[in-house]
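Accompanying notes for the structure given below.
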Amino acid sequence: MRVTEHATPFPSEPTPEVRLQRAPLVKVLAQVRFPQLASMAGGEVERAFARAMASEFPLAQKGQSFNVVVTQQGVTQEPAQGNILQLRTIDESWVLTLTPGALSIETTTYPGRQKFCEHFLRALERFAELAAPPYFERVGVRYVNRISDPAILQDLDKLVRPEVLGSATIPLPEGFNLSHCLSDNAFNWQGGGLQAKWGKLPPNVQLDVALPAVNTPNWLLDLDSFSIGKLDPSTSKQTLNNLAGRAYDFFRWAVTEKFLDAFGRV
C-alpha cells in the first residue's frame with residue numbers, strides 16, 4: 101500500500117488540491133464568532149441582513165437559539181438568549197445562520213475551497229457593513245467526511261493511514277464485531293488549532309446535533325480548523341483560506357493514494 105507522501109499532517113508548504121468526483125464530504129461549515137454588539141440591539145441588523153442576502157438566500161426562518169450541552173447522559177440543547185435567523189437557498193443545500201454571537205454558513209454540496217470561501221465572504225462583507233464588528237473572536241472551518249458504502253468500508257485499511265484507523269481493524273473471531281470506536285484529537289498552536297475526530301459508528305448513532313445519523317455502519321473523519329483571538333474582520337479572506345488549507349493538509353495526510361482513487365480523483 102502506497103500512502104500519501106506527507107510525513108506530518110502539518111507540512112510547511114500547502115498541499116496541492118486533488119479534486120474528487122465522489123468526495124465523501126457530507127457537510128462543510130464555516131463560522132465567525134463575535135462579541136455582543138450594540139449595533140444588533142433591536143433587530144434592525146437581522147432584517148437588513150436578510151434583505152441584503154435575499155437574492156442568494158430567499159428562504160427565511162426565525163427561531164430560538166440554543167446552546168449545546170454535553171453531559172454524561174448525552175448531548176442536549178438548552179434555550180439561549182436571543183433569536184436565530186436562518187436563510188436558505190431554494191434547494192436548501194446552503195444555509196446561513198445569524199445569532200447574537202455568530203454568523204455561519206453550511207452546505208451539503210461543496211463546490212470546492214475557492215467558491216465555498218467566496219460564498220461565505222459575501223455574507224461576511226454584508227454583515228460587517230451592517231453590524232461593524234470591531235473584531236471576531238473565532239473563525240473556523242469544518243469538514244465532515246462520512247463513508248457508509250459497505251464495499252468501501254471493507255477496504256478501509258487500504259484507504260486510511262494506520263495511525264488514523266486505530267482499533268477499527270482489530271481482528272475479531274466469528275460472532276464478534278466492533279460496534280464503534282472513536283478518536284478525538286486536539287492540536288493547538290499559538291492563535292488557533294485543529295480538532296480532528298474520526299472513527300467507526302454503528303447505525304442510527306448521532307454524535308452531533310448538526311450531523312444526522314444514518315441507518316448503516318459508517319466511518320467519520322471530522323476536521324475543525326480554527327483561529328482564535330481578536331481577529332481583524334478585514335483579514336477574513338486570508339484567514340478562511342488558511343484554515344481550509346490546514347484542514348486539507350490533515351485530510352491528505354490521513355488518507356492514502358488508494359482513497360483518492362476510490363473516490364474518483366481527477
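If you're matching positions, the sequence shown starts at 101 in the working numbering and goes up one per residue.
We put the beta carbon where it would ideally sit given N, CA and C, even for glycine.
Is PRO116 helix, strand or coil by DSSP? Taking the first residue of the sequence shown as position 1, residue 116 is located at position 16. Three-state DSSP puts PRO116 in coil, outside helix and strand.
Could you give the C-beta distance for PRO124 and ILE247, rounded to a whole number, given that I count them as a contact under 8 angstroms? Taking the first residue of the sequence shown as position 1, residue 124 is located at position 24. Taking the first residue of the sequence shown as position 1, residue 247 is located at position 147. That belief holds up - the Cβ atoms of PRO124 and ILE247 are roughly 5 angstroms apart, short of 8 angstroms.
If you run the structure through DSSP and keep just helix, strand and coil, what is PHE363? To locate residue 363, count along the sequence shown from 1; it is residue 263. Coil.
Which same chain residues, not among the five before or five after ALA152, have their C-beta less than 6 angstroms away from its C-beta? For the purposes of this step, residue 152 is taken as residue 52 along the sequence shown, with counting starting at 1. Closer than 6 angstroms at the Cβ level, and outside the excluded window around ALA152, lie ARG226.
Helix, strand or coil: how does DSSP classify VAL241 here? Taking the first residue of the sequence shown as 1, we reach residue 241 at position 141. Three-state result, VAL241: strand.
Do you know whose CA, among ASN318, GLN290, ARG238 and SER193, lies nearest ALA268's CA? Translated into positions along the sequence shown, residue 268 becomes position 168. If we check each option's Cα against that of ALA268, ASN318 comes out closest.
State the DSSP-derived secondary structure class of ILE190, mapped to helix, strand or coil. On the sequence shown, residue 190 is found 90 positions in, with the first residue counted as 1. In this structure, ILE190 counts as coil in the three-state DSSP scheme.
Report all residues from its chain with a CB closer than 6 angstroms to the CB of LEU343; omit the five preceding and five following residues, and keep chain order. As a first step, residue 343 is located in the sequence shown; it is residue number 243 there, counting from the start. Correct list, in chain order: VAL241 and SER325.
Please report how far the alpha carbon of GLY292 lies from the alpha carbon of ARG346, in whole angstroms. Numbered from its first residue, the sequence shown carries residue 292 at position 192. Numbered from its first residue, the sequence shown carries residue 346 at position 246. Cα to Cα, GLY292 sits roughly 11 angstroms from ARG346.
Between the alpha carbons of ARG188 and GLN338, how many angstroms are there, rounded? Reading the sequence shown from its first residue, position 88 is the one you call residue 188. Reading the sequence shown from its first residue, position 238 is the one you call residue 338. Rounded to the nearest angstrom, the two C-alpha atoms are 26 angstroms apart.
Could you work out which residue in LYS127, LYS300, PRO111 and PRO200 is closest to ASP257 when comparing CA atoms only? Numbered from its first residue, the sequence shown carries residue 257 at position 157. Nearest of LYS127, LYS300, PRO111 and PRO200 to ASP257, Cα basis: LYS300.
Between VAL132 and ALA202, how many whole angstroms is the CB-CB distance? I'm expecting something under 8 angstroms. For the purposes of this step, residue 132 is identified with residue 32 of the sequence shown, where counting begins at 1. For the purposes of this step, residue 202 is identified with residue 102 of the sequence shown, where counting begins at 1. 7 angstroms between Cβ atoms; contact.
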